[in-house]
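As structure tokens, the structure follows; a few thoughts come after it.
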Amino acid sequence: MKSYLDLIGISNKVNKKTTRLVRLCIVLSVFLVTAIFGLAEMAIRMEASRLIEKHDSGIITSLMDNAGVQLYLIVAFVLFLLVLIASVLMIASSINSNIAQRTKFYGLMRCIGMTKKQIKKYVRREALSWCKLSIPLGNVLGIFTTWVLCLVMKYGIAGEFADIQTNRISIISIFFGACVGLISVVLAAQAPAKKASSVNPIIAVSDQDTSVSSSLLQAKHVGIDTVLGMNHAFNSKKNLFLLVSSFALSIILFLAFSTLVQFVNYIMPQLSNTEDLKIIAAEEGTLIDPGLVSSLERIGGVVKRVYARNNAFDVQATVNGTSTELIDIVADSDFDLESLKKDGFLKNNVDVDKIKGNSFLAFSTWDKTVDFTVGDELDINDYPIEVVGLLKQDIYTADGMTHGKRTLIVSNDTFEKLMGEVGYSTVLVQLEESISEGQVKSIIKKIPEQYLVEDNREYNTASTYWIFTFFVYSFIVIIALVAMLNIINAISVSVTSQFKRYGMMRGIGMELRQIKKVIIGEACVYSIIGLIFGSGLGLLLSKAIFDSLIGSHFEYATWEISPSNIIFILLFVIFATTVAVESSFTRVRKMDVVSQLS
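Position 7, counted from 1, in the sequence shown is what full-length UniProt numbering calls 7; the numbers after and before it change by one each time, with no gaps.
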């Protein structure tokens with residue numbers, strides 16, 4: 001052995017199991033970033049190939065102005081930063097736990113003459129040695145995952161992803177994947193290296209812990225056993241910071257990624273009443289015969305649903321018996337009315353069935369700039385109409401704002417009474433997913449020539465939406481699993497470092513259930529503080545992302561705290577804490593009390 005650094009290879013072989021979680025964190029961080037940038041590059045290349053077909057010049061300018069490309073880049077870099085932060089905290093916690101298990105080893109190194117500077121260098125080099133296999137493995141997994149997902153998009157989804165490349169190796173993704181692995185390890189190793197160099201050699205080799213708490217928590221409302229665990233959590237400031245950060249970061253990431261899902265919902269809204277075929281009259285002002293709806297409904301097996309709409313613009317109405325204004329009226333089918341509630345457009349909880357038929361009840365569009373309210377009464381052509389519900393926005397304008405003009409939504413039957421018109425301005429058709437192109441052409445041929453048919457299937461963004469949603473939630477699940485493994489490992493190591501203390505507790509007659517309360521007390525400190533900080537910072541970050549990505553582009557958008565997100569966070573914290581406690585307690589239960597006291 002020429003240098004003390006040669007011990008790293010031997011140490012890695014001996015401590016292979018104890019460093020497994022650290023290496024797993026490195027692999028997953030590299031894998032995530034490689035997959036993120038690999039998919040982003042494939043998507044950008046797909047957009048570039050489409051633009052090349054449309055434009056002879058200015059491809060770079062067109063590419064950077066493309067909304068899809070901008071979205072891919074934004075998502076990729078936001079995810080890169082979040083994964084980097086998560087990796088640093090998780091790897092730092094894992095290395096810290098590894099050092100806590102090997103305190104005696106570092107003490108012996110100090111005893112044989114190694115300086116603090118040499119031990120710091122040793123810890124950093126050892127951490128970097130874990131990257132030799134972890135980074136290439138993460139890159140390979142990321143590239144393979146990119147290929148698989150591209151194949152699924154190209155052949156499973158097709159449509160807008162038909163041109164995506166499936167067998168290309170992304171150099172950019174490999175570079176950024178390797179960068180996140182190296183940067184996270186280098187940053188994460190700083191604090192543990194300093195901690196290892198400060199190990200007292202006398203205490204380490206004698207296996208004694210002379211640290212004494214400067215203050216104890218007061219046991220006013222909980223048992224002394226629980227207080228002991230809480231006190232141990234607060235005594236180790238660095239361990240407290242790392243474990244609280246693990247809980248908090250998991251929550252922050254979840255809330256941040258949930259906002260990205262909302263962003264996708266706004267730019268690619270998935271509406272229940274999105275049509276495949278749209279039928280309108282060839283001559284302006286001509287209505288479509290209701291018989292066409294009946295004939296289309298009789299086509300079995302390939303037509304999923306047929307529904308019709310009508311509208312009238314600049315209709316004079318008296319509002320609440322005082323003012324007169326011009327309004328627009330939209331007549332919706334029963335299916336359209338149900339879709340308004342299903343798609344979350346209604347501000348208040350209204351029974352949609354009330355609107356159906358000759359009810360003379362209506363929904364009204366709304367935004368933050370108008371004073372339209374539930375209960376408004378309008379007189380239209382001597383018929384009284386009552387507003388029983390408001391929409392969160394104006395779904396009939398491009399920007400979602402009413403611009404001061406009200407649009408009423410009524411049933412087709414009510415519209416027929418109000419306006420005296422029999423027929424529809426638009427007939428919409430939803431087709432079965434299994435329908436062939438030949439069957440679509442056959443349906444179109446059955447439609448009379450006085451009507452125009454628009455095939456809107458190619459504008460369906462459901463595939464893109466589900467891909468983005470799948471990616472976002474996949475990353476959340478992976479990071480949550482790594483965070484939970486890290487939490488379990490860190491609490492377990494914290495318990496292991498106190499084995500002698502637990503042995504003494506057992507020796508003086510403390511029962512296992514009391515020791516379990518000690519562990520619960522310690523774990524609850526980490527989880528509760530992590531929950532408070534994570535939720536607070538996560539909600540602030542969520543609102544900031546919402547305002548920048550959504551609020552700045554959609555004036556009608558309002559940020560709200562999602563109850564389902566809060567419930568999920570609580571369940572995650574409870575589950576992670578429970579698993580960590582049970583895992584740690586299992587080790588204590590199997591502990592040999594005699595060997596710990598000897």
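All C-beta atoms, glycine included, are put in the ideal place defined by N, C-alpha and C.
Under the assumption that residue 627 contacts MET42 (Cβ atoms under 8 Å), give the Cβ distance between them as a whole number of angstroms.
This structure gives no information on residue 627, because the portion of the chain shown stretches from 1 to 598.
Relative to the alpha-carbon of VAL352, which residue among TRP366, LYS368, PHE335 has its alpha-carbon at the smallest distance?
PHE335
Quick check: the stretch 253–261 against the stretch 425–440, are there 3 or more CB pairs under 8 Å?
With a cut-off of 8 Å, the stretch 425–440 and the stretch 253–261 do not count as touching, because too few Cβ pairs lie within range.
Which same chain residues end up closer than 8 Å to ASP225 when comparing Cβ atoms and leaving out the 5 residues on each side of it in sequence?
MET510, GLN514, ILE515, LYS517, VAL518, GLY521
Give the secondary structure of ILE91 by DSSP, where H, G and I count as helix, E and B as strand, and everything else as coil.
If DSSP states are grouped into helix, strand and coil, ILE91 belongs with the helices.
Are the stretch 124–142 and the stretch 16–27 touching, with three or more C-beta to C-beta distances below 8 Å?
Judged by Cβ distances under 8 Å, the stretch 124–142 makes contact with the stretch 16–27, as three or more pairs qualify.
With DSSP as the reference, identify every bridge partner of GLN430, one or two as the case may be.
ARG305
Using three-state DSSP, classify PHE360 as helix, strand or coil.
Reduced to three states, the DSSP call for PHE360 is coil.
Going straight from the alpha carbon of SER411 to that of LYS356, what length do you get?
5 Å
Taking a contact to mean a Cβ-Cβ separation below 7 Å, would you say THR469 touches VAL186 in this structure?
no
Pull up the DSSP beta-bridge partners for ASN311, would you.
VAL330
Under a Cβ-count criterion, where at least 16 other Cβ atoms within 10 Å of its own Cβ denotes burial, should ALA196 be classed as buried or exposed?
buried
Can you tell me which residues form a DSSP beta bridge with TYR451?
ALA281
Just to confirm, are ALA389 and VAL350 a CB contact at a threshold of 7 Å?
Looking at the sequence provided, one finds Gly at residue 389 rather than Ala. Yes, Cβ-Cβ distance for GLY389 and VAL350 is below 7 Å.
Output the boundary residues of the beta strand (DSSP E) element that contains PHE436.
In the sequence as presented, Phe is not what sits at residue 436; that position holds Ser. Note, SER436: premise wrong, no beta strand (DSSP E); not H, not E.
On the three-state DSSP scale, how would you describe ALA76?
helix
Which term fits SER436, buried or exposed, when burial requires 16 or more other beta carbons within 10 angstroms of its beta carbon?
exposed
Does PRO290 come out as helix, strand or coil in the three-state DSSP assignment?
helix
In three-state DSSP terms, what is GLY223?
coil
To the nearest angstrom, report how far apart LEU243 and LEU408 are at their CA atoms.
54 Å
If I measure Cβ to Cβ from ALA576 and keep anything under 6 Å in the same chain, skipping five residues before and after, which residues do I get?
MET484, ILE487
Sorted by chain position, which residues of the same chain lie with C-beta nearer than 8 Å to MET401's C-beta, five sequence neighbours on each side aside?
Apart from the 5 residues on each side of it in sequence, MET401 sits with its Cβ closer than 8 Å to the Cβ of ASP367, THR369, GLN393, ASP394, GLU555, TYR556 in its chain, given in chain order.
So, are the CB atoms of VAL33 and VAL83 less than 7 Å apart?
yes
When the Cα atoms are used, what is the spatial distance from PRO384 to ASN348?
Spanning the alpha carbons of PRO384 and ASN348 requires a straight line of approximately 22 Å.
Hey, how far is the Cα of ALA362 from the Cα of ILE528?
47 Å
Below 6 Å CB to CB, which residues in the same chain sit around THR145 once its five sequence neighbours on both sides are set aside?
ALA35
Out of SER333, VAL319, GLU421, which has the shortest C-alpha to C-alpha gap to ALA372?
Here residue 372 is Phe; the residue named in the question, Ala, does not match the sequence. Closest option to PHE372, Cα to Cα, is VAL319.
Run through DSSP, which three-state label would GLY420 get?
coil
Identify which residue in ARG589, TRP466, LEU539, GLU421 has its Cα closest to the Cα of GLY503.
Here the closest residue by C-alpha is ARG589.
In whole angstroms, what separates the C-alpha of TRP147 from that of GLY138?
When rounded, the distance between both Cα atoms is 14 Å.
In the DSSP output, which residue or residues are listed as bridge partners for SER323?
According to DSSP, which records beta bridges pairwise, SER323 is partnered with VAL319.
Would you mind working out which of LEU249, ARG457, LYS405 sits nearest PHE572, comparing C-alpha positions?
LEU249
State buried or exposed for LEU340, treating a residue as buried only when at least 16 other CB atoms are found within 10 Å of its CB.
LEU340 counts as buried, since no fewer than 16 other beta carbons sit within 10 angstroms of its beta carbon.
What residues are listed by DSSP as bridge partners for VAL410?
ALA331
Starting from GLY521, trace the beta strand (DSSP E) both ways and give me its first and last residue.
In this chain, GLY521 is not harboured by any beta strand (DSSP E); it is covered by the alpha helix (DSSP H) spanning 512–546.
Please tell me whether PHE176 and PHE345 are closer than 7 Å, where the distance is taken between their beta carbons.
no
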